[in-house]
Structures are given as structure tokens and as C-alpha cells.
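Residue numbers (the working numbering): 32 to 330.
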Amino acid sequence: MSLLSGAVTENIEQQSTSRSLPIVNPTHNLNEEEIVSLLQELDSNEDSSLSSSDECENIDELYTPRDKKKEKRDPLVTILIPVSSLSRSVTPVSERCGLSIRNQLLVTSSVIVNGGGSIEEFPLSVGNIHRHRKLARSQLSKQIYEKWVKDKPDFLVLHYDAKLINFLSHGKEERLAILISGSSSGPKLLAKAALELANIWEVKNSLVGFCFNTTASNTGVRAGSATIIQKELNRRLLWLSCRHHMYELHIKHAFTELFGERTGPDDLLFKWFQSIWPDINQDTNDLSNLIKPSQLIFQ
């Protein structure tokens, strides 16, 4: 009986590593009833493991492995391009990418030719693309305006400034820049243009202040543009004046004391300095090569 109990105990220890069975103390001698009970439990565990393995085999039979190979794509794709609206469809993207009209024409023509089409079947020309661009900008500006009028803030600040710019005639003209978005300026014209744009964009009643530089044309007590705008609106606004111009005046006064009054709109020293700038050693690590004032030669 002791040999049989020892063999059963050893068998139980081996089975416990792979199945969940009661742990039996190997030093305990089993009686006959305990041995019969354990043998029956082993038989039931064997049957359950066989049934579960059969289920797994059935599942494996139903499983179909995926094909790891990628499907080959057709090297040719058939697309339908609308002849009449091709230029109109490509225009917004071309403008956003900064393509010129001629570059847009070249790219569009290249796509058509490489796709096996004929350029003669499409109305492609510089004039046609220019018309589409003009129309697209008009529609976009209308959308921006409508969205602005619908969602504009309750309180706004009007920014405006005049700037001399170079024209195609190689002359200079003064232009007015207004931010809630010009024309030639002067205090009255500047104020009129600013108010007109504020009226178009429906922000006159929302203005609480304005920003400008401190030139006499803006800050004049009687004829300054800021004063005129306040009179037209019939209320006072917060002046957010830029002091940059004041610092320029301090530098101008110091420069005048050193070099005298200027005789023209451009200063010869700065024009000369601008012309030789590419030839100047701009390395700031060695400042021993400074030009003395006595060595300056104006050309």
C-alpha cells in the first residue's frame, strides 16, 4: 500500500506542473478511499483537457491566415478631368503655393500631357488663368468680408500709417496702410480714407482707439488726422501713438549738429554707405578696421 501511495503521489506532483490539482503532502500516507478519489479526479481532468484541445483544433481549422504579400497596384489610373473647370479648380491651390500664372500654366499642361491628353482640348492660356484668379480673389474677399461682419469684436483699435514706396516710374509715391484691412495721404485724405474703410467694414461704432506715428500730420491739434477722425466720430478715442518717430527726431538733431542741414531728401553719407555695404568687412570679431572720418570720400 505504501508503494502505491508513493507512486500516486509522484504522479500527482508531475501533473500539478501543467494542471490545477490539489497539492498533496508527499509525507502523508493515503488510504484506499483517498486514492480512488484522486484517480477519478485525474480521469475527469484528462477528459476536459481532451475536449478543450478538440475545440482548439476546430478553431484552427476555421482560421485562414492573411496573405502577407501586398496587392499589386495598377500602374495606370483612369481619371476624368473637367475641361471647362480645370483652370478654375487648380487656381486656389496654385495661388496658395505662390505659383505665378505662367508656372501654373506649365504645371497644368505637364499633367495633361503626361496623362496622355491633348492641350488643345483644354482652354489653357495666360489670360484664361488670370481671369480665374481675379474671380477667385473676388469670391474669397467677399467670403472674408461676410464672415468679418458677422463675427466682428465689440471693441477695436484702428491702425493706419503712410509709407513712401517705389513705383514702376522709378519715382516715389505716398501710400496709406490701414489695418482693419490706401490712397494718397495728407491729414484730411488720410482721415477720410481710414473712416471710409472703417465704414465699409462696419466697425465705426466699435472703435475705442487708434494707433499711429507721432508725425505732425497725425497729431496736429487742429488739422491732424487723429483730431479729424475724433470730430467725425463725435467722441474721444484712446491714442496709442507710436514713439518710434520721436527717437528718430533725436537722432536727426544729433546728426544735424555733426554734419549740418541736409539739402535733399536723401543723405549723401548714407547713400554712399549703402552703395559700398557689400564690399565692407562685416565680421564683428575684429573691429580694428574702422574707417576714420578723415578717410571718408563721398562719391
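Note that CB positions come from ideal geometry on N, CA and C, so glycine has one too.
- Query: In its own chain, which residues sit with a C-beta less than 8 Å from the C-beta of Leu221, not counting the 5 before and 5 after it?
  - Reply: On the sequence shown, position 190 is the one that residue 221 refers to. Excluding positions up to five away in sequence, the list reads Tyr191, Ala193, Leu207, Ser248, Asn249 and Ser256.
- Does DSSP put Leu111 in a helix, a strand or coil? Start at 1 with the first residue of the sequence shown, and residue 111 comes out as number 80. Reduced to three states, the DSSP call for Leu111 is coil.
- Task: Under 7 Å Cβ to Cβ from Gln313, same chain only, skipping five residues before and after it: list those, please.
- Result: Counting from one through the sequence shown, the residue named residue 313 turns up at place 282. For Gln313, where only same-chain residues beyond five positions count, there are no Cβ hits under 7 Å.
- Query: Quick one: what's got a C-beta closer than 7 Å to Glu152's C-beta in the same chain, skipping five residues either side?
  - Reply: Translated into the one-based positions of the sequence shown, residue 152 becomes position 121. If we look at Glu152 and ignore the five residues flanking it on each side, its Cβ neighbours are Val114.
- Message: Check whether the stretch 229 to 240 and the stretch 174 to 184 are in contact - that is, three or more C-beta pairs closer than 8 Å.
- Response: yes
- Could you tell me which residues DSSP puts in a beta bridge with His276? On the sequence shown, residue 276 is found 245 positions in, with the first residue counted as 1. Looking at the DSSP assignment, His276 forms no beta bridge with any residue, so it has no partner.
- Query: For Asn316, which residues from the same chain have a beta carbon less than 6 Å from its beta carbon, with the 5 sequence-adjacent residues on both sides left out?
  - Reply: Taking the sequence shown and counting its residues from 1, the one referred to as residue 316 is at position 285. Excluding residues within five positions, none has a Cβ falling inside 6 Å.
- Item | Ala193 in three-state terms, based on DSSP | Walking along the sequence shown from the start, residue 193 turns up at place 162. DSSP places Ala193 in strand when its eight states are reduced to three.
- How would you call Pro106, buried or exposed, if buried means at least 16 neighbouring beta carbons within 10 angstroms? One-based indexing of the sequence shown puts residue 106 at position 75. Exposed, since its Cβ has fewer than 16 Cβ neighbours within 10 Å.
- Closer than 8 Å by C-beta to Leu34: which residues in its own chain qualify, once you throw out the five before and the five after it? Chain order, please. For the purposes of this step, residue 34 is taken as residue 3 along the sequence shown, with counting starting at 1. Because the pLDDT at Leu34 is just 43, under 50, the model does not fix this residue reliably, and the value given afterwards should be weighed accordingly. If we look at Leu34 and ignore the five residues flanking it on each side, it has no Cβ neighbours.
- Task: Could you please give the first and the last residue of the uninterrupted beta strand (DSSP E) stretch that includes Leu238?
- Result: By one-based count along the sequence shown, residue 238 stands at place 207. That run of the beta strand (DSSP E) goes Leu238 to Asn244.
- Supposed contact pair Gly240 and Leu280 - C-beta distance, whole angstroms, cut 8 Å: Along the sequence shown, read from residue 1 onward, the residue named residue 280 stands at position 249. Along the sequence shown, read from residue 1 onward, the residue named residue 240 stands at position 209. Contact doesn't hold; Cβ gap of about 24 Å is too wide.
- Query: What are the boundary residues of the alpha helix (DSSP H) that includes Ser125?
  - Reply: The residue labelled residue 125 in the question sits at position 94 within the sequence shown. From DSSP, the alpha helix (DSSP H) with Ser125 extends over Leu117 to Arg127.
- If you count every other CB in all the chains shown that lies within 10 Å of the CB of Ile160, and 16 or more means buried, which is it? Indexing the sequence shown from 1 puts residue 160 at position 129. Buried is the call here.
- Task: Report buried or exposed for Thr109, applying the criterion of at least 16 other Cβ atoms within 10 angstroms of its Cβ.
- Result: Counting from 1 along the sequence shown, the entry for residue 109 is found at position 78. Around the beta carbon of Thr109, fewer than 16 other beta carbons sit within 10 angstroms, so the residue counts as exposed.
- DSSP state of Leu264 mapped onto helix, strand, coil: On the sequence shown, residue 264 is found 233 positions in, with the first residue counted as 1. In this structure, Leu264 counts as helix in the three-state DSSP scheme.
- Query: How big is the Cα-Cα spacing for Trp303 and Ala285?
  - Reply: In the sequence shown, the residue the question calls residue 303 occupies position 272. In the sequence shown, the residue the question calls residue 285 occupies position 254. Each residue's alpha carbon lies about 20 Å from the other.
- Report back the beta-carbon spacing between Gln261 and Leu268 to the nearest angstrom; my notes put them in contact at under 8 Å. Position 230 of the sequence shown, counting from 1, holds the residue named residue 261. Position 237 of the sequence shown, counting from 1, holds the residue named residue 268. Indeed, because the Cβ distance is near 6 Å, the residues count as touching under 8 Å.
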